[in-house]
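In what follows, a single structure is set out as C-alpha cells and then discussed.
Numbering (our numbering), first residue to last: 3 to 153.
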C-alpha cells in the first residue's frame, strides 16, 4: 500500500469519526443515532475528500505534507461537504455549523498529519522501507588484516 493510499484511508477514517461525533453530539435534537444516519452525515464530506484527492492527483501533489496537500484536502473537503449539505437542505448552513465543521474537520484531517510529522522528526517512527534496516548488522570497519585476507 502506497503512502497516498494510507493517507486516503486515514482521511476517510477521520471523516467517519467526524460524522460519528456529530451524530452523537446532536442525538437529542431529533437526530437519533443509526448507521444510515451516520453515513448520511458523512457522505458529503467523503465526496469532498475524494474530490480533493482527484485534484491532488491532477496537480501531481502528495496529500501527506500539511502544506499544500493537507490544507488542500481539508479546504476542498469542507467546502464540498458544506455545499452538498446546503443543497440537500435547501438552505445555507448556519454560521455556527460552518465554524464547528471547519474546526473539527481541520483538527482531524490535519491533526494526524501533524502528529506524523512530529513523530518522524523526533525519531519515533522510521521513514522508508521498514524491512531494510531490521536485519542489518552494525557496520564494522575492516582492519588491515581483514583487507589482506580478501586479496
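Backbone N, C-alpha and C fix where the C-beta goes; we use that ideal spot for every residue, glycine too. Treat the numbers as computed from the prediction; the structure is a model and nothing was measured.
Exercise for the section: Name the residue from 61, 53, 62 whose alpha carbon lies nearest to the alpha carbon of residue 75. Expected result: In the chain shown, the residue the question calls residue 75 occupies position 73. Closest option to residue 75, Cα to Cα, is 53.
Problem - Presumed contact (8 Å Cβ cut-off) between residue 86 and residue 49, rounded CB distance - result: Within the chain shown, residue 86 is the residue found at index 84, counting from 1. Within the chain shown, residue 49 is the residue found at index 47, counting from 1. Right, their Cβ atoms sit about 6 Å apart.
Practice task
Within its chain, find whatever has a CB closer than 7 Å to the CB of residue 24; leave out the 5 residues flanking it on each side and keep chain order.
Solution key: Translated into the one-based positions of the chain shown, residue 24 becomes position 22. The answer, listed in chain order, is 43.
Handout entry: Proximity to residue 82 [Cα-Cα], best of 8, 28, 104, 19
Key = Working through the chain shown from its first residue, we reach residue 82 at position 80. Cα-wise, what sits closest to residue 82 is 104.
Exercise for the section: Give every residue of the same chain whose Cβ lies closer than 7 Å to the Cβ of residue 91, excluding the five residues on either side of it in the sequence, and list them in chain order. Expected result: Residue 91 sits at position 89 when you count from the first residue of the chain shown. No residues qualify anywhere along the chain.
Problem - Helix, strand or coil at residue 36 according to DSSP, with G and I counted as helix - result: Taking the chain shown and counting its residues from 1, one reaches residue 36 at position 34. Assigned with DSSP and collapsed to three states, residue 36 falls in coil, not helix or strand.
Problem - Residue burial classification, residue 36 (beta-carbon count within 10 angstroms, cutoff 16) - result: Within the chain shown, residue 36 is the residue found at index 34, counting from 1. Taking all protein chains shown into account, residue 36 has fewer than 16 neighbouring C-beta atoms within 10 Å of its C-beta and is therefore exposed.
Practice task
Using beta-carbon positions only, say whether residue 110 and residue 16 come within less than 9 Å of one another.
Solution key: Counting from 1 along the chain shown, the entry for residue 110 is found at position 108. Counting from 1 along the chain shown, the entry for residue 16 is found at position 14. Yes; because the gap between Cβ atoms is below 9 Å, this pair is in contact.
Exercise for the section: Can you give me the Cβ contacts of residue 12 inside the same chain, cut-off strictly under 6 Å, excluding the 5 residues immediately before and after it? Expected result: For the purposes of this step, residue 12 is identified with residue 10 of the chain shown, where counting begins at 1. These residues qualify, in order along the chain: 114.
Handout entry: Supposed contact pair residue 55 and residue 10 - C-beta distance, whole angstroms, cut 8 Å
Key = Counting from 1 along the chain shown, the entry for residue 10 is found at position 8. Counting from 1 along the chain shown, the entry for residue 55 is found at position 53. Confirmed, Cβ separation roughly 6 Å.
Problem - N-terminal and C-terminal residue of the alpha helix (DSSP H) that residue 75 is part of - result: Indexing the chain shown from 1 puts residue 75 at position 73. Per DSSP, residue 75 belongs to the alpha helix (DSSP H) from 73-91.
Handout entry: Assigned exposure category for residue 116 - 16 Cβ within 10 Å defines buried
Key = Here residue 116 is taken as the residue at index 114 of the chain shown, counted from 1. Residue 116 comes out exposed.
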